[in-house]
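According to mature numbering (1 follows the signal peptide of the UniProt record, and there is no 0), the residues represented by the sequence shown are -21 to -1, 1 to 470, in order.
Report on the following structure.
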Amino acid sequence: MALQLTTNQLLTLFACASVACVLETYRRFRNCTSSINNFPGKRTLLRPYSDLASLLPGIPGVVPDRYIEWEDKYKIFQEIGWEVYSHVSAWPKRHISYVISDADAIKELVLNRAIFPKPGIKVLELYGQNVVAAGDGSEEWKRHRKVSAPAFSEKNNKLVWNETTEILSEIFAEWGNKETVSIQNITDLTLPIALLVISAAGFGRRIPWREDINAYIPSGHKLTFKKALTTVCGNLFFKAIVPEWAMGLTKKWAEARLGFHELEAYMQEMVNDKIDTSLGDEDSPHKSDLFSNLLAASEEESASGESSLTRQELVGNIFIFLLAGHETTAHALAFSFGLLACYPEEQQKLYDQITSVLSDGRHPTYEDVHSFTRSLAVLYESMRLFPPVTGILKQVAQDTTLAVHASVPQTGSAKSFKSDYATPQRKTIVIPKGSTMSLRISGVHYNPRYWEDPYEFKPDRFLGDYNKDAFLPFALGGRACLGRSAFHGRG
């Protein structure tokens, strides 16, 4: 005879099961915090960086604030008392994260990739596997790194410099002798500059400044290259969690889907054009462009019996080069211009150095790059204050421990920190296998142990000795940015 339950009985059964589930989740949560000796930090229901948590606004105790890395900077570490804090979450399964602003501990993490590997980044595999998306220690990452690294050659750095100066010359010629040039949004200037440079030095496609890249739509396309690229950059997260069939449900998502399709078509054209012209004039200066170098390195690997990059992997790496070379450079320049406008005395110092190097009125050459020390200092200081990324994630492959510094307290003068905390107190923390380590770049960049008056714009700090392990816009170790030298040329 079948068992029949009344509605009240079903509700009671459901309530009991729910209570049991909550109690079991809480028990596991408590065991999780006990396993790290109840190290102080944050406790939330949802795991930080999870898809669901990223979709919801910050709710205390439930969802971590997605902007907290930028807003907190170093302050939360001062509240905790250590340059690390724990973040324990209960759902969908219990998880431990550690957030670190200790440059010494971060260096140890970065150099010990066997214990602290960088996970693969699926969202960046959108157009194919690439050197950034591949996880630490994988054969894929080793292969991509081996092929990609030689592409960033000295000749390419020189090409970046030459293209940048050529584009700026065209801009200055267009401005003529105007006493004032009004720009409402500085990215309206820096984004096109970065796009033109990466187009020429990255892919050998020279576009004059006067050609309106904001309006030109080639045959067979529905969006400009710039519009497609900016659409993709602004919708990466949604593409990662929204299935293809659902991308047409709203107008915004449909526009995003078109952007993704258009950018892929543009990149496929780049691959086809470059392969078709690979036997062209070897003496052309654009034979040193990044993609030509990548193709050459891949072909060398194939000729030596090693595995070369597939066509889809070439597209995947093009996407990463575009993302880094366009967005990162443009916004670093935008912040630099904004800061110089706010600090006219620093603007004058920069102008004075440039005019002293180019005292005869000539155009700068690549050989002058090391003379513009203040230009680089301004860029570095703007990237310290406004880093391109605020955090880097690492996984924990085995049970381990890590020594971390006590945080610098909020009281006291900045100058006293160097003497009072030259040999700060350290604590060894327990880190279980399966945990996540979040390297808080904004916390390191605003850490008064390494940076005197960290909230002040002081480019001079980069003209002398500084702790290079505490400056992380390009990351550290084997996963450091391959295009750092090229960035210097664009800056």
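The beta carbon of each residue, even a glycine, is placed where N, CA and C say it ideally should be.
| Check | Outcome |
| --- | --- |
| Which of helix, strand or coil DSSP assigns to V110 | coil |
| Boundaries (first-last residue) of the beta strand (DSSP E) holding S417 | T415 to R419 |
| Where I177 falls, given that 16 or more other Cβ within 10 Å makes a residue buried | buried |
| Range of the contiguous alpha helix (DSSP H) that encloses K230 | K230 to D255 |
| Extent of the continuous alpha helix (DSSP H) to which L103 belongs | It is not in any alpha helix (DSSP H) - L103 carries neither H nor E in the DSSP assignment. |
| Classification of T229 by the beta-carbon crowding that lies within 10 angstroms, buried from 16 upward | exposed |
| For S386, the nearest candidate out of Y28, P27, P71 and D83 (CA to CA) | D83 |
| Sub-7 Å separation of Q332 and R363 beta-carbons | no |
| Close Cβ partners of S421 (< 7 Å) along its chain, the five nearest in sequence each way excluded | E48, W49, K52, P366 and T369 |
| Within-7 Å CB hit, W140 to chain C | The structure shown has no chain C; it contains just one protein chain. |
| G457 beta carbon less than 7 Å from that of V294 | no |
| Residues of its chain near V89, where Cβ-Cβ distance is below 7 Å and the 5 sequence neighbours each way are ignored | L455 and G456 |
| Local Cβ density within 10 Å of H123, reported as buried at 16 or more and exposed below that | buried |
| Short Cβ contact (7 Å threshold) for D81 with K97 | no |
| Distance between beta carbons of S315 and K134, contact taken as under 8 Å | 26 Å between Cβ atoms; not a contact. |
| Rounded distance between the beta-carbons of S33 and R45, thought under 8 Å | 6 Å |
| Bridge partner(s) assigned by DSSP for K21 | H66 |
| In DSSP terms, what Q374 is bridged to | T415 |
| Cut-off 8 Å between Cβ atoms - residues of its own chain near I59, not counting five sequence neighbours on either side | P19, G20 and S386 |
| Integer Cβ distance of L418 from K373, believed to fall under 8 Å | 7 Å |
| The region 303 to 323 touching the region 216 to 229, judged by at least three CB pairs closer than 8 Å | no |
| Where residue 478 sits in the DSSP three-state scheme | An answer regarding residue 478 cannot be provided, because it is not within the stretch -21 to 470 covered by the chain. |
| Contact belief for I299 with V111 at Cβ below 8 Å, rounded distance in angstroms | 5 Å |
| C-alpha distance - E104 paired with I150, whole-angstrom precision | 36 Å |
| Start-end ranges of the alpha helix (DSSP H) lying completely within the region 150 to 212, minimum 4 residues | 166 to 176 |
| Test item: CB-CB of A276 and P39 under 7 Å | no |
| Element boundaries [beta strand (DSSP E), containing H384] | T379 to H384 |
| Helix, strand or coil at V1 [DSSP, three-state] | helix |
| Cα-Cα separation, W154 to P187 | 15 Å |
| For F216, three-class secondary structure by DSSP | helix |
| Residues sharing a beta bridge with W430, DSSP | W430 pairs with nothing; no bridge assigned. |
| Counterpart residues of K406 in DSSP-defined beta bridges | V383 |
| Minimum length 4: unbroken alpha helix (DSSP H) runs contained in the region 269 to 344 | 269 to 282, 290 to 301, 308 to 321 and 323 to 336 |
| Three-pair Cβ contact test at 8 Å for the region 159 to 168 versus the region 198 to 209 | no |
| Neighbourhood of G99 by C-beta, 8 Å cutoff - its chain only, sequence neighbours within 5 removed | A112, A113, G114 and S117 |
| The region 276 to 289 touching the region 141 to 148, judged by at least three CB pairs closer than 8 Å | no |
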